[in-house]
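The UniProt record's numbering numbers the first residue of the sequence shown as 1 and each following residue consecutively.
Working notes, structure below.
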Amino acid sequence: MNIVLLGPPGAGKGTQARLLVERRGMVQLSTGDMLRAARKSGTEMGRRVAEVMDKGHLVTDEIVIGLIRERLLQGDLGGGVIFDGFPRTLAQADALMEMLKAEGLRLDHVVEMRVQDDEALVLRVSGRSTCATCGEVYHDVTKPVPADGHCVKCGGTTFTRRGDDNPESMRTRLFAYYKETAPLVGYYHALRLLRTVGGMGEIEEVASEIEAILARPS
Ligand code: AP5
Ligand code: ZN
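In structure tokens, the structure reads:
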């Protein structure tokens, strides 16, 4: 089963994707994570995207489609793919359909995680930290790092904050979402693939809603 998680920055796409990896053995393909890995590796492409990402703008379609294409060609897609943060433009959405078709795969569900309260999204990303060892995502208020300072998943003790998780970049990211990505809601509705969940519930409530969708025939 292959799904897209669609939603504004801070909607909880990464959090839910990690739960699906744990519980269903699916493979998470996050273009944000791929781009952050490219930045760390210090490649020419990594250097080019770093500034764009920190300001909150979208990286070019060519780069992100290339990353996804490369990964799909590698195969080994476990219990199916969760596309997290991809596609984000209509051109990326068209490219995804073509790439899946070429590999003999299809999209089963597009889960829109709806959060209409921009302030709540800003609060979510402002409180976010990530385990540097395993990538577990925390939040200062809703999912704090345990008092002993050890990651619940791997015991790691280093937690990082993202350069684009500040109010100014967040405004740009939200604008990019409404302008470039929100039209995909209509696109997938027309393809009869759109399913919507409320993104404001507790993490486990949202997970149950998504689980109910995946249990239905597509
Ligand atoms: P990306 O890494 O994809 O970031 P994003 O879309 O802005 O989404 P986030 O990772 O901020 O949020 P999320 O929805 O995953 O929320 P999370 O689960 O972490 O992209 C970063 C940048 O890369 C882009 O700006 C762009 O420059 C570039 N890029 C990436 N893909 C691209 C593409 N396809 N095309 C072009 N450019 C691209 O949760 C957030 C916080 O809230 C956490 O602290 C979490 O613990 C907490 N939380 C989660 N769920 C809940 C809940 N239900 N209740 C309370 N708290 C919760
Ligand atoms: Zn960890």
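Each residue gets a CB set at the ideal place from its N, CA and C atoms; glycine is no exception.
Because the structure is a prediction, the values reported are computed rather than measured.
Have a look at the DSSP bridge pairing and note the partners of residue i.
i, result
"M113", "V197"
"L5", "D84, V111"
Following the continuous beta strand (DSSP E) through residue i, name the residue where it begins and the one where it ends.
i, result
"T130", "128-131"
"L29", "27-30"
Measure the beta-carbon distance from residue i to residue j and round it to whole angstroms, keeping in mind my assumption that it falls under 8 Å.
i, j, result
"T133", "T160", "Their Cβ separation, rounded to whole angstroms, is 10 Å, which puts T133 and T160 out of contact at 8 Å."
"Y177", "A93", "Going by Cβ atoms, the distance from Y177 to A93 rounds to 14 Å, so no, they are not a contact pair."
"T181", "R88", "5 Å"
"D108", "N2", "6 Å"
"M99", "I68", "7 Å"
"R195", "V81", "Between V81 and R195 the Cβ distance is about 16 Å, and since that is not below 8 Å, they are no contact."
"V137", "R124", "Not really, about 10 Å apart at Cβ, beyond 8 Å."
"G56", "G199", "Incorrect: roughly 19 Å between the Cβ atoms, too far for contact."
"L29", "D84", "7 Å"
"V206", "G12", "6 Å"
"D54", "S169", "6 Å"
"A37", "D61", "Between D61 and A37 the Cβ distance is about 19 Å, and since that is not below 8 Å, they are no contact."
"M97", "L5", "Going by Cβ atoms, the distance from M97 to L5 rounds to 17 Å, so no, they are not a contact pair."
Put residue i into one of helix, strand or coil per three-state DSSP.
i, result
"K40", "helix"
"D84", "strand"
"K55", "helix"
"V141", "coil"
"L107", "coil"
"A207", "helix"
"G78", "coil"
"G14", "helix"
"E136", "coil"
"R216", "coil"
Just to confirm, does residue i get its C-beta within under 8 Å of one of the non-hydrogen atoms of ligand 4?
i, result
"E136", "Ligand 4 is not among the ligands present in this structure, which contains only ligand 1 and ligand 2."
Start and end of the alpha helix (DSSP H) containing residue i?
i, result
"L96", "90-102"
"E70", "61-74"
Q) Which runs of the beta strand (DSSP E), 3 residues or longer, sit entirely within the stretch 144-205? A) 194-198
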